[in-house]
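Residue numbers (this note's numbering), protein chains in the order written: chain F, 1 to 260; chain S, 1001 to 1260; chain B, 2001 to 2260; chain U, 3001 to 3260.
Note sheet for the following structure.
4 protein chains.
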Amino acid sequence: MITEEIMRGMLKPKNSDLRTSITQVETNMLKTQGFFQEEIIGNFSFAEMVYLLLKGEKPSENHKKMFEAVLISFCDHGITPPSTQSARLMASAGSPVNVCIAGGILAFGENHAGAIENAMKIFQEGVKISDAYNRSASETARFIIEEYRDQGKKIPGFGHRYHSEDPRARKLLEIAQNCGCNGKHFKIAIEMEKLLLKDKGIKINIDGANAAILSDMKFNWHLGCGIFAIGRIPGLLAHITEEILNEDPFRKITELKSTV
Amino acid sequence: MITEEIMRGMLKPKNSDLRTSITQVETNMLKTQGFFQEEIIGNFSFAEMVYLLLKGEKPSENHKKMFEAVLISFCDHGITPPSTQSARLMASAGSPVNVCIAGGILAFGENHAGAIENAMKIFQEGVKISDAYNRSASETARFIIEEYRDQGKKIPGFGHRYHSEDPRARKLLEIAQNCGCNGKHFKIAIEMEKLLLKDKGIKINIDGANAAILSDMKFNWHLGCGIFAIGRIPGLLAHITEEILNEDPFRKITELKSTV
Amino acid sequence: MITEEIMRGMLKPKNSDLRTSITQVETNMLKTQGFFQEEIIGNFSFAEMVYLLLKGEKPSENHKKMFEAVLISFCDHGITPPSTQSARLMASAGSPVNVCIAGGILAFGENHAGAIENAMKIFQEGVKISDAYNRSASETARFIIEEYRDQGKKIPGFGHRYHSEDPRARKLLEIAQNCGCNGKHFKIAIEMEKLLLKDKGIKINIDGANAAILSDMKFNWHLGCGIFAIGRIPGLLAHITEEILNEDPFRKITELKSTV
Amino acid sequence: MITEEIMRGMLKPKNSDLRTSITQVETNMLKTQGFFQEEIIGNFSFAEMVYLLLKGEKPSENHKKMFEAVLISFCDHGITPPSTQSARLMASAGSPVNVCIAGGILAFGENHAGAIENAMKIFQEGVKISDAYNRSASETARFIIEEYRDQGKKIPGFGHRYHSEDPRARKLLEIAQNCGCNGKHFKIAIEMEKLLLKDKGIKINIDGANAAILSDMKFNWHLGCGIFAIGRIPGLLAHITEEILNEDPFRKITELKSTV
């Protein structure tokens, strides 16, 4: 039974304060992940700063080079993604720029930007299995694909609705090899691609390539969609500005097609 | 009177298609601002890519260096901004990561991140006045401040509720001078700071410094809040991840303080 | 100059607590605007509850009838509004239902749902002018229209891009007359419509009708867009559910139309 | 292998148009779920209109009474929910009203408003099991609880972090009995409460009560969170307006508590 005492305990929050170890703020002093901000500004590249924020440490030269490429690879896919369309609709309706950006991000649903997180989970799970049971990358790849086939589920990170061979994915894999970001996750991804190409004629896409690479860089899968967002938002902003400056406001984007 | 004919004309949209000149998408081909994406990936820094998307051209060496610094300067301000608090509240409530990011961006209201756009407008307007009437930067600065004083309005870009001397602003101004981004807008900003320091004891803040610099780099003021967003989102993501991984879910952040 | 003392004062927040007088929450007790919630549930209509929340008092019979009509009038406009399109795009992308609703609301931009607040401001300002200078509704209407014409601005609340005679507006005005919600604001709106019909062939629209009625019911104009949202969200939810249950996920809503 | 032909097929969208059967829009004519809007306005209550939109038919008298109560029951819970806190933070930051509402809705995360959908799924699954295996409500309740216990998962819809006996839930159950909305789902919920009260001292909460009732009214579980949103948004709007009109803008809601 819930007594008065228990209830009072429930009502007394234990960790009710917002707190952080990311940035220490004092009067005229800002220290992020141990660095004074004025020492970072002018000395880091923006991608290095993003890495520092998310991993808590400065990247190595190889990781820096790789991470610049990862972020760039997400930049833009023209007018086709629902996120871009949503952001432009809001811009056309006269919403403020930050609202249009947020609106675009809200359209990163399960079917659009969910793939990268899910692919990271698969590769990270795959490496665990591979290590625990001493299986080769090729065996692990086959095991994962069969499991998905049995459950009738689509494997995230492979195939693209517009591209049979995604030029971005190919380039990323090449850089990963040059930067030593082609570890265990990368190898499983490549083996999966071989099998899927043979079975279904599909290749690794940008989400799959980045998921393997980010996993080999030891990023937590929780960060997958967020890193995609960091890379894509500049593109969204370019679209929003194009809509504001070059198109009629509140234009009728969709014609009347309602049916009784 | 509205005739059938006029009505039909109103109903026929003239530019009803979503279209863009930012990225050309064809099967296995992505070309952004004239560059094949696979040629950008691995060759540009992420900040250069952002610049290319927003301005349509690759930055000069000086502009590149400056823009890396500008983006970094927005990175994080600990737990104090409403955007960070909103994003963490949503993370605590169990919302997906992209939703938490969007939630943070929605809290960039007039009182929080509105300053940079408004400061850009002021400096850009100031340069027009200065050019048209052949006034010095110092005369223009005095004119702007007096106008705001007469209207009883707060001047955006100066003063900070936590810092009397913002270490980020000082560093940015220094880099601007080294990179030749200290043109007409910069000079007006500096003159305004002199006057405001004497009158009110306040100095230029990070929004003011970036507004002057971005204006000298010829960025449209419509981009002000968006560039702030690009710089701040990595910090928001760091906070969201910290909340998810290190704090209890759905914790009682605010104690009961309701009154009848 | 900013001394240590001033700085400390700046850093000490005066009203840093979230607090409310809307609902008193205690263990096993919820009291909203002075009523125990369990006494409202089952005794009020939903529209009466909305009224109680927003105005702090139960509506009269007339105000109740009027407010039910106002909320209903905003219900849905098919597939044409940017808010509906955004919400469906997000649903198609696989975003959760609450995210799709939020996305729809974010598309209530200046050009889409901004009209009702602006029309409320105009009518409320008009009544002030009319009272202060002892002008008739007709004189005030002419004054407002001329002011807008001189500034080259569009008058919110009149004309519709799909309807020459909005059936919802006509019905609302009729109910307002029956419910005694046809006071000073209503009269100015009607006079404005007469002039605009003669000059431009346009009639009052749903935003204009509701703006006049809500003003006569003494709602603050700050509530205009919010009341629209309350009325429209059920329609957005219907669209989101239709998209989830009846359409293919992640369908290509916009064809490739990008240009170099 | 993907041939040119297959590729072209992939690129040709099959259902690329936004379309709806909810509302038919023609010039000067709006017909929703088969009713002309001008016939609904003034004749339906707002809750009836919501029901019509979501179910495609007018409610019976009993369903109408029940649905008014359901929507009201979600109205407000003071300052404690993350959604309310987020909405107020955004209002304090100076974001527009629609943005603050959207921000509140985005904080309806898994841990906050997810319970109602999940409880609907459980009860609807429970009724299927009960029908298929001819089990009593009490047997089904025990089966569900044991399954959750075995998986170490929290059962949604029971227990409340502030209330041991939620006054709203009790009142709703009473009305459900009077309105004949106490069918199979209701009975399973009541049996689950009996067991959970004995085992853990927790009772059914507002989410559980509404989940059972809405399921007996034959609402699809996809609508759970959306119906909660419809009921809660008026409360969010009341909070947003209170923040705008009664509090200092951009106040420091959280004190500096960051740590290195």
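Even glycine gets a Cβ: it sits at the ideal position worked out from N, Cα and C.
None of the values given here were measured: they were computed from a predicted structure.
Give the residues of chain U in contact with residue i, contact being defined as C-beta atoms less than 7 Å apart.
i, result
"residue 99/F", "3099"
"residue 1089/S", "3082, 3085, 3086 and 3107"
"residue 1114/S", "3094"
With 8 Å as the threshold, decide whether the Cβ of residue i is near any Cβ in chain B.
i, result
"residue 3226/U", "yes"
"residue 3161/U", "no"
"residue 3242/U", "yes"
"residue 3063/U", "no"
Take residue i and list the residues in its own chain whose beta-carbon comes closer than 6 Å to its own, dropping the five residues that flank it on each side.
i, result
"residue 11/F", "With a pLDDT of only 40 at residue 11/F, under the threshold of 50, the placement of this residue in the model should not be trusted, and no figure is reported."
"residue 1006/S", "Only weak support exists for where residue 1006/S lies, its pLDDT of 40 falling under 50; the value from the coordinates is given anyway. So no residue of the chain qualifies."
"residue 1166/S", "1160, 1205 and 1206"
"residue 1202/S", "1158, 1159 and 1196"
"residue 3033/U", "3052 and 3056"
"residue 3228/U", "3074, 3113 and 3116"
"residue 1180/S", "1062"
Between residue i and chain F, is there a C-beta pair that is closer than 8 Å?
i, result
"residue 2274/B", "Look at the range of chain B in this structure, 2001 to 2260, and you will see that residue 2274/B is not part of it."
"residue 3245/U", "no"
"residue 1230/S", "yes"
"residue 1193/S", "no"
"residue 1214/S", "no"
"residue 1041/S", "yes"
I need the DSSP call for residue i, collapsed to helix, strand or coil.
i, result
"residue 1240/S", "helix"
"residue 217/F", "coil"
"residue 1018/S", "coil"
"residue 1077/S", "strand"
"residue 2247/B", "coil"
"residue 3227/U", "helix"
"residue 1204/S", "strand"
"residue 1031/S", "strand"
"residue 2165/B", "coil"
"residue 1110/S", "coil"
"residue 3151/U", "coil"
At 8 Å on the CB atoms, spell out the chain U contacts of residue i, in chain order.
i, result
"residue 2165/B", "3028"
"residue 2175/B", "3041 and 3042"
Report the neighbours of residue i on chain S: residues whose CB is nearer than 8 Å to its CB, in chain order.
i, result
"residue 77/F", "1023, 1025 and 1030"
"residue 3102/U", "1106"
Mind pulling the chain B residues with CB within less than 8 Å of residue i?
i, result
"residue 3044/U", "2068 and 2072"
"residue 3047/U", "2045, 2046 and 2047"
Please list, in chain order, all residues of the same chain as residue i whose beta carbon is under 8 Å from its beta carbon, the five residues on each side excluded.
i, result
"residue 2171/B", "2069 and 2073"
"residue 2099/B", "2090"
"residue 2075/B", "2231, 2232, 2234 and 2235"
Beta-carbon within less than 7 Å of residue i's beta-carbon, same chain only, minus the 5 sequence neighbours each way: which residues are those?
i, result
"residue 3047/U", "3064, 3067, 3068 and 3071"
"residue 3087/U", "3100, 3101, 3103, 3104, 3236, 3239 and 3240"
"residue 2970/U", "Because chain U in this structure spans residues 3001 to 3260, residue 2970/U falls outside the shown range and cannot be described."
"residue 142/F", "195"
Which chain F residues are close to residue i, counting only those with a beta carbon under 8 Å from its beta carbon?
i, result
"residue 1038/S", "167, 168, 170 and 171"
Of all Cβ atoms in chain U, is any one closer than 8 Å to the Cβ of residue i?
i, result
"residue 2234/B", "yes"
Taking 8 Å as the CB-CB limit, is residue i close to chain S?
i, result
"residue 196/F", "no"
"residue 2009/B", "Because residue 2009/B sits at a pLDDT of 39, beneath the cut-off of 50, its placement in the model cannot be relied upon, and the following sentence gives the value as read from the coordinates. No, residue 2009/B does not count as interfacial toward chain S."
So which residues of chain B does residue i contact, with C-beta pairs closer than 7 Å?
i, result
"residue 3209/U", "Chain B residues near residue 3209/U: none, gap ~10 Å exceeds 7 Å."
Is residue i near the ligand GDP, in the sense that its beta carbon is under 7 Å from a heavy atom of that ligand?
i, result
"residue 237/F", "In the structure shown, the ligand GDP is absent, as is every other ligand, since no ligand is present at all."
Which residues in chain S have a C-beta closer than 7 Å to the C-beta of residue i? List them in chain order.
i, result
"residue 238/F", "1022, 1053 and 1054"
In chain F, which residues lie with their C-beta within 7 Å of the C-beta of residue i?
i, result
"residue 1019/S", "79"
Length at least 4, wholly inside the stretch 1040-1073 of chain S: the alpha helix (DSSP H) runs in chain order = Entirely contained in the stretch 1040-1073 of chain S, the alpha helix (DSSP H) runs reaching 4 residues are, in chain order, 1046-1055 and 1061-1073.
key: Segments assigned alpha helix (DSSP H), at least 4 residues, entirely inside the stretch 2084-2148 of chain B   = The stretch 2084-2148 of chain B contains these whole alpha helix (DSSP H) runs: 2097-2106 and 2114-2133.
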